[in-house]
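All residue numbers for the sequence shown refer to this note's numbering, where the first residue is 1259 and numbers rise by one.
Positions of the beta carbon are idealized from the N, C-alpha and C atoms, including for glycine.
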Amino acid sequence: MAFSQTTVAIPDPAFEAYLETAFAANITPDGSTTDGSITFTDINLITDIDLPTAGVTTVTDITGVKSFIKLKNLYVQDNALTGTVDVSGLDKLTNLYFYNNTGVTAVDISGCRVIYHIKGYGCSLESLDASLATTQLTDPTRLRYVYVNDNLLTSINVSGNTGIQRLDCFNNNLTSLDITGFTTLTYLRFQNNAITGSLDVSGNLSLEKLGAFGNDLTNIDLGAIPYTSFTYFKISTNNNLSCVYTDNASDFAPGGPLETAIGSNYSVGTNTNFVLDATECATLGTEDFNAFEFSMYPNPTKEHVTISLNDNASYQLINMNGQTLMKGHFNAGKNPLSISNLARGLYFINMTTTNGNRMTHKLIKQ
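This is the structure:
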């Protein structure tokens, strides 16, 4: 069977030299190994490119790699790559390893329709778009492993990939992280970023390892995940962390495994209003007052809460972002309040009496 020859421009001499050696049997000799191009007898036979590590090759540019349209595995880690790793359109590419190339600032995986494993840690990536809309995966569960820790990431988008099992994005500059729909996620590490607000992993029922320390989280919702299922659980140095919510009574009870882990093994930071035990929530306030008494129950609750106070007061119900969602007036005594329309999470009720006394309590909506 006759094959048509393909000439590929390879501007990087080190990359050209590697290809000339690795695929010598598939190359039509042109008398030079450093002329910036290679003529392949049948380029479709090449499915794997595995560069030797630094010290053997020092490749700075893999321009030309997109001509290998049958490429399944690209291993270019531990070299001297710079700029963008562009593998867009390689719709057979399964594994992409480009880690420990500190000059790499971007990666383009658009149209990589069967990508399975991305290893890009130890680079200088500023953003990563591995969303389903970008990769156009033939199967939304296809992408399983993403390792992009130790970069300069300010944003990461892996939305739509419902099969992700491991996501490592620690030691970056992220301020938010969306893990919605990752029901098969078992390993999540995003420590040492700048992520604020709430972390909801209640839908990630397969989660076994959670590294969330060194951020600025205010509350964490574990939902139905039992703490005892974790083999790795670190949430320390979130200095504004005020609540870890769990559906499991044995975890939530005083002296339970979650309290032991947070109170003994892992520091929750400097916040003295940390909520762990459900019985604490009924009387938890951020300030003490001699004259004004204010409590609410049940807390946590799903639909209604009763506010009990000894003076008339106006109130505001505020979410974690500081937005006022409800406001009104309570009379001294018991006052019912419906919160059935609120999303589950942590809220604050601010009270101000007629004589100016103020108090804030935390309310957990199940």
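Within 10 angstroms of its Cβ, does residue i collect 16 or more other Cβ (buried), or is it exposed?
i: G1380; result: buried
i: K1585; result: exposed
i: A1391; result: exposed
i: T1393; result: buried
i: K1592; result: exposed
i: D1436; result: exposed
i: G1294; result: exposed
i: Q1335; result: buried
i: N1409; result: buried
i: Y1555; result: exposed
i: A1267; result: exposed
i: L1604; result: buried
i: P1639; result: In this structure the chain extends from 1259 to 1624, so residue 1639 is not present and cannot be described.
i: V1526; result: Annotation note: pLDDT 40 at V1526 (below 50); position unreliable, coordinate value reported separately. Buried, since its Cβ has 16 or more Cβ neighbours within 10 Å.
i: N1599; result: exposed
i: Y1503; result: buried
i: Y1355; result: buried
i: Y1490; result: exposed
i: V1533; result: Residue placement at V1533 is poorly supported in this model, since its pLDDT is 48, which falls under 50; the coordinates still yield a value, given next. V1533 should be labelled buried.
Please look up how many angstroms separate the CB atoms of residue i and residue j, rounded, as I've assumed it's under 8 Å.
i: V1563; j: L1583; result: About 14 Å separates the two Cβ atoms, so there is no contact after all.
i: L1383; j: L1351; result: Contact flag wrong, Cβ pair sits at about 18 Å.
i: G1421; j: L1401; result: 6 Å
i: T1399; j: D1366; result: With a Cβ gap of about 23 Å, T1399 and D1366 do not count as contacting.
On a CA-only basis, which of the options is nearest residue i? Give me that one, please.
i: F1440; options: D1349, I1285, G1341, V1416; result: V1416
i: K1560; options: T1611, L1621, N1613, E1551; result: L1621
i: N1613; options: S1572, G1591, L1604, F1606; result: S1572
i: G1347; options: V1334, Q1335, G1322; result: G1322
i: L1303; options: T1316, S1325, I1320; result: S1325
i: G1418; options: L1410, L1411, F1428, T1396; result: T1396
i: D1588; options: A1364, D1569, Q1423, N1599; result: In the sequence under discussion, the amino acid at residue 1588 is Phe, which differs from the Asp named in the question. Per the Cα distances, D1569.
i: K1623; options: F1491, T1286, D1479; result: D1479
i: Y1445; options: F1298, V1406, Q1423, L1432; result: Q1423
i: I1576; options: P1484, I1607, I1565; result: I1607
i: S1389; options: T1438, F1552, L1465; result: T1438
i: Y1405; options: L1411, C1427, D1387; result: C1427
i: D1270; options: D1300, I1320, I1296, P1310; result: I1320
i: C1501; options: H1619, L1465, E1551; result: H1619
i: T1305; options: T1363, A1283, N1331; result: N1331
i: K1467; options: Y1357, I1493, Y1374; result: I1493
i: T1486; options: F1471, N1498, N1473, L1465; result: L1465
i: P1484; options: S1460, F1471, G1472; result: S1460
i: N1407; options: I1453, Y1357, P1287, Q1263; result: Y1357
Please say whether residue j and residue i have beta carbons closer to each other than 8 Å?
i: N1496; j: L1475; result: yes
i: D1458; j: A1482; result: no
i: N1430; j: L1443; result: no
i: T1340; j: G1369; result: no
i: F1448; j: G1469; result: yes
i: S1413; j: S1456; result: no
i: T1316; j: A1275; result: no
i: I1376; j: Y1333; result: no
i: R1602; j: T1610; result: no
i: F1298; j: I1285; result: yes
i: N1353; j: A1338; result: no
i: V1372; j: D1349; result: yes
i: L1200; j: I1296; result: The shown model of the chain, from 1259 to 1624, leaves out residue 1200, and the question about it has no answer.
i: L1411; j: L1432; result: yes
i: N1477; j: I1453; result: no
For a minimum of 3 consecutive residues, which ranges assigned as the beta strand (DSSP E) are wholly contained in the segment 1415-1479?
1424-1426, 1445-1447, 1454-1458, 1467-1469
Let me know the alpha helix (DSSP H) ranges lying completely inside the segment 1553-1595, each 4 residues or longer, listed in chain order.
none
Give the list of continuous beta strand (DSSP E) stretches no shorter than 3 residues that lie fully inside the segment 1346-1402.
1353-1355, 1361-1366, 1375-1377, 1385-1387
Return the chain-ordered ranges of every alpha helix (DSSP H) run that is complete within the segment 1263-1307 and spans a minimum of 4 residues.
1271-1280
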